[in-house]
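Residue numbers (this note's numbering), protein chains in the order written: chain S, 119 to 268; chain V, 119 to 268; chain H, 5 to 453; chain E, 5 to 453.
Think of the CB as a built atom: it goes at the ideal place given N, C-alpha and C, for glycine as much as any other residue.
Take a look at the structure below.
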Amino acid sequence: MNSEERKDIQDLIDVLDEQNLNEIEVQRGDVRIRIRRESGTTTNVQASSAMESGQTSHPAADVADKDSSRLLTVASPVVGTFYRSPSPDVEPYVEEGDLVSRGQVLCIVEAMKLMNEIEAEVDGRVVKILVENAVGVEYGQPLCVIEPLP
Amino acid sequence: MNSEERKDIQDLIDVLDEQNLNEIEVQRGDVRIRIRRESGTTTNVQASSAMESGQTSHPAADVADKDSSRLLTVASPVVGTFYRSPSPDVEPYVEEGDLVSRGQVLCIVEAMKLMNEIEAEVDGRVVKILVENAVGVEYGQPLCVIEPLP
Amino acid sequence: MFKKILIANRGEIALRIIRACREMGIKTVAVFSEVDAQALFARQADERMCIGPADSALSYLNIPNVLSAAEITGADAIHPGYGFLAENAHFAEICESVGMTFIGPTSEHVALLGDKVKARATMLQHGIPVMPGSDGELQNLDHAVRVASELGYPVMVKASAGGGGRGLRVVSREAELGKAILSAQVEARTGFAHDGVYLEKFFPEPRHVEIQVLADEHGHAVHLGERDCSIQRRYQKLVEESPSPVVDDALRKEMGKVALQVVKAVNYRNAGTVEFLLDQNRKFYVMEVNTRIQVEHPVTEMVTGIDLIKEQIRVASGIPLGFRQKDIQWQGHSIECRINAECPETFVPSPGVVSRFRVPGGAGIRVDTALEATDQVHPHYDSLIAKLIAHGQDRADALARAQRALDEFAVEGIKTTIPLQRLILRDPDFQKGGVSTNFLDRLLAGRML
Amino acid sequence: MFKKILIANRGEIALRIIRACREMGIKTVAVFSEVDAQALFARQADERMCIGPADSALSYLNIPNVLSAAEITGADAIHPGYGFLAENAHFAEICESVGMTFIGPTSEHVALLGDKVKARATMLQHGIPVMPGSDGELQNLDHAVRVASELGYPVMVKASAGGGGRGLRVVSREAELGKAILSAQVEARTGFAHDGVYLEKFFPEPRHVEIQVLADEHGHAVHLGERDCSIQRRYQKLVEESPSPVVDDALRKEMGKVALQVVKAVNYRNAGTVEFLLDQNRKFYVMEVNTRIQVEHPVTEMVTGIDLIKEQIRVASGIPLGFRQKDIQWQGHSIECRINAECPETFVPSPGVVSRFRVPGGAGIRVDTALEATDQVHPHYDSLIAKLIAHGQDRADALARAQRALDEFAVEGIKTTIPLQRLILRDPDFQKGGVSTNFLDRLLAGRML
């Protein structure tokens with residue numbers, strides 16, 4: 119997002135505030151800016167151009183019932199094939215709902231015959247596994263969602 | 119100007135009004151909108167894209183001291199050469215400051231050897247003559263400014 | 005050579021001519037209507053003048069304003085493009101009378117070849133194969149019945165002053181002839197203020213193949229091969245290509261020879277197009293001669309490497325053609341798709357603001373357009389907004405490139421014929437090549453866009 | 005023929021390859037870094053995969069991720085474009101070992117021709133005229149002094165593993181030789197992890213002329229004529245053209261023959277470029293062989309009508325070349341201007357958001373770009389954002405078209421080399437033709453943009 123668009127958005131937020139609106143959407147050519155605020159919550163900005171990450175093409179995790187600011191997404195560090203277990207005849211490393219410890223293997227991503235074990239970075243609970251077994255994943259693709267536990 | 123831009127401008131005017139500003143200028147690619155208001159006067163809108171007329175390339179008349187809403191611009195109805203007098207050795211039809219009557223010849227525009235006499239459409243005073251003698255003018259080009267008198 | 009040329013046109017063809025002039029070091033004057041004040045073609049010229057309001061009758065067709073603009077700006081020639089004043093003999097004549105070079109043939113050529121009956125008579129005199137039909141306008145119903153029975157049914161009733169399919173009737177049986185003539189006359193009188201009609205043989209599966217010619221005033225003339233323009237809807241061309249899939253070297257030579265006979269018959273000069281009907285037995289007949297540059301001229305440029313606009317300008321300035329027939333070489337295959345601002349299903353014009361306009365590029369792709377994103381397509385003018393021209397080593401290669409480029413062409417805010425062009429280009433019959441002018445109607449009857 | 009090709013590159017060359025594949029009916033996979041997620045080249049592919057963050061060492065140069073993406077998507081070949089992995093012998097070798105077709109020569113070709121000393125030795129063995137210089141790396145200062153005096157001063161010290169002007173010193177007198185060798189070695193060790201250097205004769209007014217070759221695995225090879233790339237700044241080409249203004253038919257034949265000797269000497273296959281130094285006496289020497297498609301390949305495509313990317317793909321799939329040397333015909337003249345996102349005065353890269361991007365079009369103009377208005381030019385990658393390629397009947401015509409198109413090219417939001425390209429194209433020496441690689445430095449020294 120460039121500074122011009124940032125300014126546009128700020129302007130629109132101001133108008134939103136002044137007029138006590140719930141939503142403003144502006145589109146001009148490729149640039150679309152939508153600003154929405156539900157009564158009593160903080161302002162929520164979506165800008166569909168100039169996105170900073172390749173991950174927006176993935177479906178968002180279905181974790182709306184959790185406070186998303188506390189959830190951790192585990193992303194693939196490599197391009198490869200996602201496996202939930204070390205071999206087909208073995209149980210998966212983890213299931214949704216399982217408690218996991220920091221350093222515990224969650225899954226593997228196989229790339230060029232090399233098995234990359236993906237470990238939990240925190241103690242927590244596996245809220246969601248986002249990828250089907252034996253499916254290709256790209257760099258940075260979210261694999262699963264962990265709810266950190268104290 | 120399309121309806122989207124019209125709406126944009128209206129929005130900006132609202133911001134201008136609400137914030138009691140003097141000027142807002144927004145540029146995005148080919149689209150530039152500038153809104154300016156001097157304290158105590160009406161809002162003045164300039165939009166440099168999608169203009170509806172070929173006349174904006176001409177310098178605006180230097181008539182800022184007059185209430186411009188009362189002034190009449192006389193535009194050329196044809197493409198041709200502007201003459202202030204019927205022949206070089208004759209006095210001009212009118213001078214700035216002259217009073218003119220409805221139907222009085224103000225100047226001629228010669229096109230293909232045909233002399234088009236341009237007449238005053240109202241009784242009034244010649245405030246400004248905008249074109250030099252013997253210069254080519256395009257269709258719709260402002261030739262002079264008349265202040266109508268009752 | 006001219007120092008300054010006024011372009012009496014708008015849109016893509018005005019920009020096309022401005023580009024050629026810039027490349028030749030010639031200054032340009034654009035004339036424009038009020039709604040075109042910010043148009044790219046007007047901005048790209050060295051000078052520009054507003055010549056009237058949006059209504060083209062008061063601006064682009066306003067002869068005094070156009071000529072006055074040329075006089076004021078000191079232009080020494082006027083290029084009329086296509087449409088508007090391009091085939092107006094009166095305009096060409098006034099240009100001649102005031103010493104302004106009209107970039108095109110003489111006003112006599114425009115007048116003679118614009119009158120179908122006179123043009124036909126002239127060609128018949130010179131032994132040129134014309135459409136089988138009545139020699140001149142029909143005198144009465146008896147005359148019509150006699151000619152029709154000689155030609156054999158079905159026959160066509162056509163208005164002498166007509167064009168674009170107006171004032172035209174197909175008649176299958178003698179009993180229908182009188183009624184068809186009357187209704188064609190009414191339409192012709194309303195549309196062209198002249199109700200003369202004539203008869204022509206009707207061909208069930210005709211192909212529209214035309215030959216581009218170039219002639220100078222020193223007696224040199226060449227033909228630049230053919231364009232196949234059989235993809236038409238109501239006589240409006242949509243896709244053109246060169247070479248034609250049904251014309252081989254021998255047929256090209258024959259048709260080219262006839263086209264040059266036409267040039268010689270009337271002592272033609274500048275660029276012109278001899279339009280032929282080519283039947284299923286490879287027999288061909290001159291339909292008419294267009295005395296202007298054609299919309300579809302780029303396909304000829306792509307295969308010959310010759311810039312037709314520059315040649316028009318050179319020839320008009322008196323420079324002899326720089327090549328002879330033997331120098332003309334054709335390389336590869338070219339195809340043009342006309343992108344119109346129209347609903348691709350109903351063909352209703354779709355004016356409006358173009359919110360997105362990404363033109364394709366890359367190898368073998370040429371786009372002629374004067375439109376940009378945020379521009380407005382005005383309802384007052386022709387709906388052609390862009391020409392996509394592809395060139396390839398052979399027809400399959402050119403088609404593949406055109407299809408790829410159509411897929412890349414992104415236009416938003418208005419409807420265009422792009423989806424229809426995609427449909428045409430992937431049609432198996434079209435891909436096989438050699439379809440008749442009935443192709444598009446058949447496709448449209450059965451299509452699913 | 006391949007069913008699916010992964011393009012291990014980005015920007016204009018990635019889009020160029022995707023377009024060729026689409027036209028051939030081959031599916032494509034784009035791989036991209038996180039900042040390129042919304043880039044046009046990625047969106048135009050049939051499939052796409054993110055292979056790493058912005059840093060190209062972790063994405064476009066990440067061999068495991070590239071190959072893994074090819075494996076997952078079921079691609080049967082990888083086109084490396086230019087730059088990145090295109091001349092990485094290790095990458096080519098891994099491709100070979102896992103049965104993935106690398107669209108280019110074999111890893112042995114890449115390794116041999118990428119090592120200047122080994123390549124030179126091979127060419128010497130086959131009697132190919134190479135740059136006069138030391139046979140292999142310098143052993144010690146005595147060796148250097150002996151070779152330099154044989155060559156005659158001035159001489160150049162060059163790093164074996166170098167490129168783009170790095171690790172290069174010009175030496176005018178024997179007294180400076182030792183110091184120059186030492187500093188070149190330091191630069192080479194830092195830049196290329198190998199400090200071997202060699203000596204070459206220095207030419208005061210060299211021209212960079214290169215011959216494009218195409219070879220299949222069945223022993224057929226052709227050359228497609230030359231490109232003159234003498235317009236360079238610090239060994240970065242800015243303007244390229246074909247034919248060269250200083251190469252006539254006889255010289256083209258000679259140079260082409262030598263280029264094909266190189267092909268034969270190493271049993272080369274796929275597309276390659278033999279780079280020559282052409283001196284003022286029309287003597288030429290092989291400088292190096294590029295084992296990839298070149299940035300400037302379009303000028304050759306414009307004059308031959310041959311699509312080099314498609315030929316690379318066909319040849320890599322084992323299809324024999326469809327033409328012989330006698331079939332290659334050159335038509336007209338073509339010139340390419342590289343549009344870089346750089347300050348045209350300081351050459352400092354100018355990344356940022358492109359607020360306006362209107363590309364030129366019309367007759368004889370081709371634009372290869374993957375940029376659109378509102379796109380961002382990233383600081384992480386090469387600054388080339390577009391290639392403007394003009395074709396005309398002759399050099400003057402091509403230059404006029406290129407100049408016209410440069411004037412139409414409107415880029416806002418970032419700085420580009422367009423003003424510099426305009427300056428080059430209107431320079432009288434350049435217009436006369438045949439300038440040396442010193443031209444641009446001289447122009448820059450005295451210019452007023």
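Helix, strand or coil, according to DSSP, for residue i in the structure here?
i, result
"Glu346 (chain H)", "strand"
"Val244 (chain V)", "strand"
"Glu178 (chain H)", "helix"
"His222 (chain H)", "coil"
"Asp331 (chain E)", "helix"
"Ser63 (chain E)", "coil"
"Arg211 (chain E)", "strand"
"Asn234 (chain S)", "strand"
"Val53 (chain H)", "The amino acid at residue 53 (chain H) is misidentified as Val; the sequence shows Met. Strand."
Taking Cβ positions only, does residue i come closer than 9 Å to chain S?
i, result
"Ile317 (chain E)", "no"
"Lys8 (chain E)", "no"
"Arg26 (chain E)", "no"
"Ser387 (chain E)", "no"
"Ala73 (chain E)", "yes"
Could you name the residues that DSSP lists as bridge partners for residue i?
i, result
"Thr277 (chain E)", "E:Gln216, E:Asn294"
"Gly137 (chain H)", "H:Glu204"
"Asp372 (chain E)", "E:Lys391"
"Val381 (chain H)", "H:Gly356"
Going by CA-CA distance only, name the one from the options that's closest to residue i.
i, options, result
"Gln407 (chain H)", "H:Val201, H:Arg170, H:Leu429, H:Leu255", "H:Leu429"
"Ala49 (chain H)", "H:Pro324, H:Gln380, H:Ser187, H:Glu16", "H:Glu16"
"Ile264 (chain S)", "S:Glu256, S:Gly258, S:Tyr257, S:Leu248", "S:Leu248"
"His395 (chain H)", "H:Asn92, H:Arg193, H:Thr308", "H:Thr308"
"Asp431 (chain H)", "H:Cys233, H:Phe443, H:Gly171", "H:Phe443"
"Ser194 (chain V)", "H:Lys314, H:Gly56, H:Val415", "H:Gly56"
"His212 (chain E)", "E:Ala93, E:Ala414, E:Ile389, E:Thr441", "E:Thr441"
"Val255 (chain S)", "S:Leu189, S:Val192, S:Thr191, S:Val197", "S:Val197"
"Ser354 (chain H)", "H:Ala61, H:Phe413, H:Val226, H:Ile422", "H:Ile422"
"Glu91 (chain H)", "H:Ser101, H:Ile76, H:Val102, H:Ile107", "H:Ile107"
"Val212 (chain V)", "V:Thr199, V:Glu235, V:Glu228", "V:Glu235"
"Lys330 (chain E)", "E:Val352, E:Glu38, E:Leu312, E:Ala225", "E:Ala225"
"Arg14 (chain H)", "H:Ile389, H:Lys436, H:Ile393, H:Ala81", "H:Ile389"
"Pro136 (chain E)", "E:Glu305, E:Val102, E:Glu204", "E:Glu204"
"Ala125 (chain E)", "E:Ala409, E:Leu181, E:Ser164", "E:Ser164"
Just checking: is the beta-carbon of residue i within a distance shorter than 9 Å of some beta-carbon in chain V?
i, result
"Thr77 (chain H)", "yes"
"Pro57 (chain H)", "yes"
"Asp433 (chain H)", "no"
"Pro68 (chain H)", "yes"
For residue i, decide whether its Cβ has a neighbour in chain E, counting only Cβ atoms nearer than 9 Å.
i, result
"Gly366 (chain H)", "yes"
"Thr191 (chain S)", "no"
"Gln48 (chain H)", "yes"
"Glu256 (chain S)", "yes"
"Val197 (chain S)", "yes"
"Thr373 (chain H)", "yes"
Within the 9 Å Cβ cut-off, does residue i reach chain H?
i, result
"Leu232 (chain V)", "yes"
"Glu51 (chain E)", "no"
"Pro247 (chain E)", "no"
"Ala229 (chain V)", "yes"
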